[in-house]
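Position 694 (the sequence shown) corresponds to 693 in numbering that gives the first Met the number 0; numbering is contiguous.
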Amino acid sequence: MVALRGKKAKVTTKPKAVEKAAKAAAKVAAAADKDALSHGRLAQQQKLARRREEEFQELVRFALQSGLALGGSDDSLAGSGQSVSVVCNALLTAFCATGKDRQLSPTEILAKLTRMARKRVCGAIFSADEIAYSCRNCQLDATCVTCKDCFTHSDHAGHDVYFQRTTAGSSCDCGDLHAWKRSGFCSKHLGVEASQTGASKKHKLPKQIGLMAPVVIDAVVEHVYQVLLGVEYGFELADAFELFTQSIPPQFLPIHSDLELAGGQDVNRNDTTSSSVPSTTRSENQLMIRSAGPGGRLEGQTREVKREPNELSDDSSGVPFGIRLHNDDVHSLNEVINHLCVALDFSKSSARSAVSQVDQQGDSMVSTRSLLRCPSVVGNLARRSLNISVAPTWWEKQMDGLPALLEWLQSVSTASDGLGGLVSEALRKQRSRAFKGFDPLATTLTKGKTLWEFMKEHNMRLHSHAADVLVALVGEEKDVFTWAADQEAAQKKRFSFRADDLSQSSSAPVTATTFLAEGNRVGCHNVFIEEFVKAVSLSHSYRHHENVRKGFDAVVSKYFTVEQAAAAPADAASTTSALTLLVRYDCTLRKRTVEQSHALLREHLLDIQFRSSMLEAYLRSYASMTSMFLRGLGNSSESIFDFAVQFLTVPHLVQSYTTKEAAKNPERPQLVRELLCALKTVFKSAVDPKERVLNADHPALSSQKYKGGDPQVRRGIHQNHVEYESDSWLSMFNLGIRVHSVFAITWNGFNPAQLDAAEMKVADVFRPIIDAIIGSSALLNDKVKTKMLMPLPKLATASKRSTSRLDKLMTYDFTVASQPTSLHIPLHRFLTAAVRHICVNQSGFGDAIASNGFLNVFGLDKLPGEGCWMLMEMPLRCL
Ligand SMILES: [Zn+2]
Ligand SMILES: [Zn+2]
Ligand SMILES: [Zn+2]
């Protein structure tokens, strides 16, 4: 303002003009003052409006998440009576309350959004054994295909065109610049520009939708994530039960809490009742209580006292847990029926109906009981090698809601690039591993306001559909604070896993110090196991039976870790993403859920950034996916492994992953290692540990997935040598693609020169490869009847005379034409490719290897002689 006046005054010289100018300046200044004032007011108003918006967004987030979490088992959301997709669409378009939008339904509004990316790539899905088209001139690698439609609309005149049989789940790559040269695209699919992928997508949403979309989408994905965490923790809990009961003789099970024994008549009830140790003592000195022993009379009294103030005393057993039996293709139906009859005391007919449910939908809850009652049954079933998971029964219902949610996520992803980008982001987002349901809200709300009052206060104008949905979720009469507090209380009740938890609502948590005498602060990431361990530590059985304490110690030492004070808060172990869990637990999900999940993943795989995240999720989970696969879990017709072709064959994705991983985790450097560790698991599990021979009856091999996984025989003296892996091996290693095609590209990103102590690391990387090769070779050599090492000249019929030099070369007496030559040729190729990469590649590392240090670098010096023979022998047989 000052500057303005001065400036004006300077340019004018005449007094009149000065006066005039001054007046004008004053006017301007006043206007500016007013402007500034209104600017300030505006800024303040905007700030306020923004804050109200945020508060409203929080309310929507809470309403949606609590509705989903506490909702029913069908597709409709709790209280609203409407389907998940109707509710979510309405909330998504809540702010579209002006202009034409007001008259349109949410689906009509969403239909107006742009969806460019989808149109630029074909992505048509093949079923098994369809014909796909390839062109050697246009494709970027041998796995790239187009569908018939795209092929007829593209120009490959004079090109080298051929056909391929498709595997289920693969898709048409037309329009994908990472698969085809642009010249090979059809006229309909123009390809995604680099600028159109990823982050730029989110700017394309209209403002009103852009305000709600991230909130609604993230709320839905967070809920999906929480449900999937339950899968993870449920399987882990079952494993913990198995471990716990290993050393406990049946007569000590189930675990008895004090009250059952004190009350006498309660022993046979199918639950546990509150523990009687007063809270102050229990959290302070468990060891003291142990040595003092139980005080029966005292316990009888405390029960009365404790129950009195407790609102929830009608349900004294804590949250009921469901024991779930999962489908596998290892056991026959009759075997499972028999197991159920013996282990659970089922009648033949109820066992049969449970098993048929497992067969049809993928799993079935075979028993419901309190946390302390589960271990004996679960241990019993698990030792019969059945696949079991254990989780609260309310969680089972949430599981039923997954397909509808995944379907909605897919529908908005296809509706618009902007929404698709948000879904992709939410799926890939790293989230905490805490299984906690929804985050609270009540404390931030003002008391005594109904929903309408809240909306009025916040100056919210909503689309009528959104208002209806909110009314259905929150209710019109109740004030929002009470409603939120009720929702939170309902959730808290669901997370009260132990009986004693309920008997004192303000329970001082049993500090972990009681678990370990040293006083270390320990924790368990799995809240189910943590609560179970607490319950056991307070039980009568724990104090009286050495075996129970042994089982307890085993569980604690396996699942509890010493908590480091605030160290490494966000490492890979403490966070994960919805995408990773969808990939990892794919084989445990029900049929309908799997179908929806795959459709959603396929939709997003069009985006190269998502592909790269999925590659990471896939490889991080590969070991655990393989072990579940070996347990027979999963639906073999639609497998997550079929997705591998979408990213494992994209060289630049594999390379950047490898480079990133090698830099981040020098001890666990790459894809190669993940794959081979998993392969080793396959071999190991199929070999009888005592006799060191292939056990054909082992579940891993007798599974239909492994049928035909035979050693390959050379095709005869005048025919081609064994060349490619057979299809049966392809499916055995469940990569979804031919192993040899992966191996060629896996090495490219691996540069040992980047690693500290590169020599040692190379040996580390090679160990699993060598183990896998020797593992497979050992099986074959066990079958060779005349297994003996002979001097080479004796085998070579032409050479009668014995030269002293050749006598030292020993080999097996083995006819390559008559016997299987190798269990897995691509594996040998892989080793060869690896050696070549290390020694000849551009990194220059090869030059650094002293010629006499070769064996050392690859770790071959640590192999016994027999191992070296086998390593060299097998590739030679295939030549
Ligand atoms: Zn196509
Ligand atoms: Zn096309
Ligand atoms: Zn072509």
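Glycine residues also receive a C-beta, built at the ideal position from the N, C-alpha and C atoms.
In chain order, what residues of the same chain have a beta carbon less than 6 Å from the beta carbon of residue i, not counting five sequence neighbours either side?
{"i": "M627", "result": "C586"}
{"i": "C185", "result": "C149, H152, S153, C173"}
{"i": "P391", "result": "V318, F320"}
{"i": "M459", "result": "F55"}
{"i": "P105", "result": "N88, A89, T92, H464"}
{"i": "D175", "result": "V120"}
{"i": "S290", "result": "A caution first: S290 carries a pLDDT of 30, below 50, which makes its placement in the model unreliable, though a value can still be read off. Cβ neighbours of S290 beyond the five flanking positions: none."}
With H, G and I counted as helix, E and B as strand and the rest as coil, what does DSSP make of residue i?
{"i": "D328", "result": "coil"}
{"i": "I247", "result": "coil"}
{"i": "I773", "result": "helix"}
{"i": "A141", "result": "coil"}
{"i": "N88", "result": "helix"}
{"i": "F437", "result": "coil"}
{"i": "I130", "result": "strand"}
{"i": "I254", "result": "coil"}
{"i": "M459", "result": "coil"}
{"i": "Q490", "result": "helix"}
{"i": "S82", "result": "strand"}
{"i": "S495", "result": "coil"}
{"i": "P391", "result": "strand"}
{"i": "V365", "result": "strand"}
{"i": "D478", "result": "strand"}
{"i": "R323", "result": "strand"}
{"i": "K861", "result": "helix"}
{"i": "R164", "result": "strand"}
{"i": "G229", "result": "helix"}
{"i": "T97", "result": "coil"}
{"i": "C867", "result": "helix"}
{"i": "S423", "result": "helix"}
{"i": "N386", "result": "strand"}
{"i": "T442", "result": "helix"}
Would residue i and residue j be called neighbours here (beta carbons separated by less than 8 Å)?
{"i": "K446", "j": "D478", "result": "yes"}
{"i": "K241", "j": "G378", "result": "For clarity, residue 241 is Glu in the given sequence; the question names Lys instead. Taking 8 Å as the Cβ cut-off, E241 and G378 qualify as a contacting pair."}
{"i": "V357", "j": "L343", "result": "no"}
{"i": "D327", "j": "R630", "result": "yes"}
{"i": "A127", "j": "C171", "result": "no"}
{"i": "S169", "j": "C137", "result": "no"}
{"i": "I607", "j": "H177", "result": "yes"}
{"i": "Y656", "j": "E602", "result": "no"}
{"i": "A553", "j": "R497", "result": "no"}
{"i": "L418", "j": "L599", "result": "no"}
{"i": "V644", "j": "R610", "result": "no"}
{"i": "P248", "j": "L371", "result": "no"}
{"i": "R430", "j": "T575", "result": "yes"}
{"i": "F61", "j": "A425", "result": "no"}
{"i": "H462", "j": "R101", "result": "yes"}
{"i": "R82", "j": "Q486", "result": "Residue identity check: residue 82 is Ser in the sequence provided, not Arg. Not a contact, by the Cβ cut-off of 8 Å."}
Taking 8 Å as the limit between beta carbons, can you name the residues of its chain near residue i, skipping five residues before and five after?
{"i": "F480", "result": "A441, L444, T445, K446, G447, K448"}
{"i": "R323", "result": "G233, D362, S363, M364, V365, I387, S388, V389, A390, E395"}
{"i": "A2", "result": "For A2, the predicted structure reports a pLDDT of 31, less than 50, and the residue's modelled location is therefore unreliable. A value from the coordinates is still provided. For A2, where only same-chain residues beyond five positions count, there are no Cβ hits under 8 Å."}
{"i": "V59", "result": "L90, A93, M211, V214, V215, A218, L469"}
{"i": "G98", "result": "none"}
Take residue i and list the residues in its own chain whose beta-carbon comes closer than 7 Å to its own, dropping the five residues that flank it on each side.
{"i": "L227", "result": "A577, L580, L581, Y584"}
{"i": "P402", "result": "R591, T592, Q595"}
{"i": "E529", "result": "C523"}
{"i": "L421", "result": "K201, A212, P213, I216"}
{"i": "H188", "result": "R119, V120, C121, C149, C173, G174"}
Please confirm if the segment 432 to 450 is in contact with the segment 613 to 621, defined as three or more CB-CB distances below 8 Å between the two stretches. no
Mind listing, in chain order, the continuous alpha helix (DSSP H) runs of no fewer than 4 residues lying wholly within the segment 569 to 638? As far as the segment 569 to 638 is concerned, its whole alpha helix (DSSP H) runs of at least 4 residues are 577 to 583, 590 to 603, 607 to 629.
Are three or more beta carbon pairs between the segment 467 to 484 and the segment 341 to 348 nearer than 8 Å? no
When you compare the segment 129 to 144 with the segment 234 to 248, are there three or more beta-carbon pairs, one atom per stretch, that lie closer than 8 Å? no
Does the segment 208 to 218 come close enough to the segment 524 to 533 that 3 or more CB-CB pairs lie under 8 Å? no
Counting pairs of Cβ atoms below 8 Å between the segment 325 to 341 and the segment 382 to 402, do you hit three or more? yes
What are the complete beta strand (DSSP E) segments, minimum 3 residues, inside the segment 522 to 553? none
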